[in-house]
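Add 206 to a position in the sequence shown, counting from 1, and you land on the number used in the numbering used here. Just so you know, even glycine gets a beta-carbon here, dropped at the ideal spot from N, CA and C. Working notes, beginning with the structure itself.
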Amino acid sequence: MNRTCYLCSNTQNSVVFVENGIDIVRCSNCNHVFSTYEQEEHYEGYWDDDSSYDLGWWDNAHREIYQDFINKFLTAPAGKILDVGCGLGFFVKRIVDQKPNWEVIGYEISEKAVQFAKDKNGLKNVFSGIVQNSGIEKNSLDMITLWDVIEHIPKPHSLLEYLHSLLKPGGILFLQTPNFPIQLFKAKLKVMIKGMRTDGHYLEAKDHINDYTEKTMKMLAKQTGFQNCKFTILKPIASVSGSQGGSFGSFFKKVYYYVTKILWLFSFKTMNLNNTLFAVLKK
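What follows is the structure, encoded as structure tokens:
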């Protein structure tokens with residue numbers, strides 16, 4: 207079990223949640239929260255499991271959030287974008303279909319997922335392996351995206367420093383990750399109502415190694431050379447954690463999205479109660 211902070215290397219911390227015997231702790235120096243579970247630095251995660259490959263569900267669940275991103279960020283007539291951890295390739299495919307003048311590349315560590323993206327989504331521009339071995343030209347990208355990736359990376363500095371080097375001056379790194387304070391509240395509420403269950407989804411202690419807040423995300427951005435880190439709010443994923451849910455769940459998520467966005471705007475973007483952090487890091 208690791209108790210050394212991944213952001214500042216401090217070894218003093220306090221437990222904020224225990225998930226089926228795994229401590230999730232807060233650093234006493236920088237307040238970063240991380241799981242003490244030691245995961246491999248590069249692992250394929252849930253893409254090892256063929257049951258995750260539900261083409262229709264993945265497309266429907268992510269359609270609105272990807273469209274919202276494209277409408278907000280891909281407004282230039284042309285550019286070059288890299289999607290790191292592209293999974294089954296749905297985000298890459300949406301750009302290919304809607305933005306033909308944008309050059310898009312996807313990288314995914316899981317060979318199974320990449321093969322699926324090629325066979326089922328018809329993509330030729332997705333590659334398996336570690337992005338650091340991609341050979342992409344430095345200072346050549348307008349934008350890089352990491353959708354639900356950064357929380358899985360035990361040591362994020364080397365990855366973000368490398369991605370920083372690939373961006374053009376003024377280029378954007380976009381990170382989507384769970385908003386830890388909200389996730390912690392939900393996890394504690396679940397335990398209080400139903401107790402701790404071995405099959406329950408709480409903070410995903412074995413998969414989500416680093417748990418970010420706006421403050422610690424800004425800290426990581428500064429440590430890896432980005433000049434600023436701002437946040438936005440996008441439409442929600444229809445369902446998560448392998449649960450396809452029903453219409454009521456999707457409706458509730460949309461209502462919650464609109465409520466949290468209104469609060470965020472009226473608080474001059476200081477009160478972020480959204481389930482997810484959408485960080486925009488500028489080179």
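Assigned exposure category for residue i - 16 Cβ within 10 Å defines buried
{"i": "Thr-404", "result": "exposed"}
{"i": "Val-461", "result": "exposed"}
{"i": "Pro-442", "result": "buried"}
{"i": "Tyr-212", "result": "buried"}
{"i": "Ser-220", "result": "exposed"}
{"i": "Glu-357", "result": "buried"}
{"i": "Asp-303", "result": "exposed"}
{"i": "Asn-530", "result": "What is shown of the chain runs 207 to 489, which leaves residue 530 out entirely."}
{"i": "Leu-471", "result": "exposed"}
{"i": "Thr-422", "result": "buried"}
{"i": "Val-298", "result": "buried"}
{"i": "Ser-215", "result": "exposed"}
{"i": "Gln-218", "result": "exposed"}
{"i": "Arg-209", "result": "exposed"}
{"i": "Ala-393", "result": "buried"}
{"i": "Gln-321", "result": "exposed"}
Distance, residue j Cα to residue i Cα
{"i": "Phe-223", "j": "Asp-413", "result": "15 Å"}
{"i": "Gly-401", "j": "Ser-241", "result": "20 Å"}
{"i": "Lys-396", "j": "Ser-456", "result": "19 Å"}
{"i": "Ala-323", "j": "Phe-484", "result": "25 Å"}
{"i": "Ile-415", "j": "Tyr-243", "result": "7 Å"}
{"i": "Glu-317", "j": "Ala-282", "result": "32 Å"}
{"i": "Glu-492", "j": "Pro-306", "result": "Since the first and last residues shown for the chain are 207 and 489, residue 492 lies out of range."}
{"i": "Thr-430", "j": "His-363", "result": "6 Å"}
{"i": "Gly-341", "j": "Asp-354", "result": "23 Å"}
{"i": "Gly-227", "j": "Leu-409", "result": "13 Å"}
{"i": "Thr-476", "j": "Glu-420", "result": "10 Å"}
{"i": "Ser-473", "j": "Thr-438", "result": "13 Å"}
{"i": "Lys-467", "j": "Leu-440", "result": "9 Å"}
{"i": "Met-398", "j": "Ile-359", "result": "29 Å"}
{"i": "Lys-488", "j": "Cys-233", "result": "26 Å"}
{"i": "His-238", "j": "Leu-426", "result": "10 Å"}
{"i": "Leu-469", "j": "Asn-478", "result": "8 Å"}
{"i": "His-407", "j": "Phe-458", "result": "18 Å"}
Residue i - containing beta strand (DSSP E), residue span
{"i": "Arg-232", "result": "228 to 233"}
{"i": "Phe-223", "result": "219 to 225"}
{"i": "Ile-287", "result": "285 to 290"}
{"i": "Val-239", "result": "239 to 241"}
{"i": "Phe-333", "result": "332 to 334"}
{"i": "Val-310", "result": "308 to 314"}
{"i": "Asp-354", "result": "Unbroken run through Asp-354: none, as it is neither H nor E."}
Residue i beta carbon near the ligand FAD (any heavy atom closer than 7 Å)
{"i": "Thr-242", "result": "This structure simply doesn't include the ligand FAD, nor any ligand for that matter."}
CB-CB length for residue i against residue j, believed under 8 Å
{"i": "Ile-417", "j": "Thr-351", "result": "The question names Ile, yet the displayed sequence has Asp at residue 417. Not confirmed; about 20 Å, so no contact."}
{"i": "Ala-411", "j": "Ile-230", "result": "6 Å"}
{"i": "Val-486", "j": "Phe-386", "result": "Contact flag wrong, Cβ pair sits at about 18 Å."}
{"i": "Gly-335", "j": "Tyr-368", "result": "Not confirmed; about 13 Å, so no contact."}
{"i": "Ile-287", "j": "Met-349", "result": "4 Å"}
{"i": "Leu-372", "j": "Leu-347", "result": "5 Å"}
Terminal residues of the alpha helix (DSSP H) in which residue i lies
{"i": "Pro-375", "result": "Taken as a continuous stretch (DSSP letters only), Pro-375 belongs to no alpha helix (DSSP H), being part of the beta strand (DSSP E) at 373 to 384."}
{"i": "Ala-485", "result": "Unbroken run through Ala-485 is the beta strand (DSSP E), 482 to 488; no alpha helix (DSSP H)."}
{"i": "Val-302", "result": "296 to 304"}
(message) Please give the ranges of any beta strand (DSSP E) in the region 405 to 461, keeping only runs that are unbroken, at least 3 residues long and fully inside the region.
(response) Taken in chain order, the complete beta strand (DSSP E) segments of 3 or more residues contained in the region 405 to 461 are 434 to 438.
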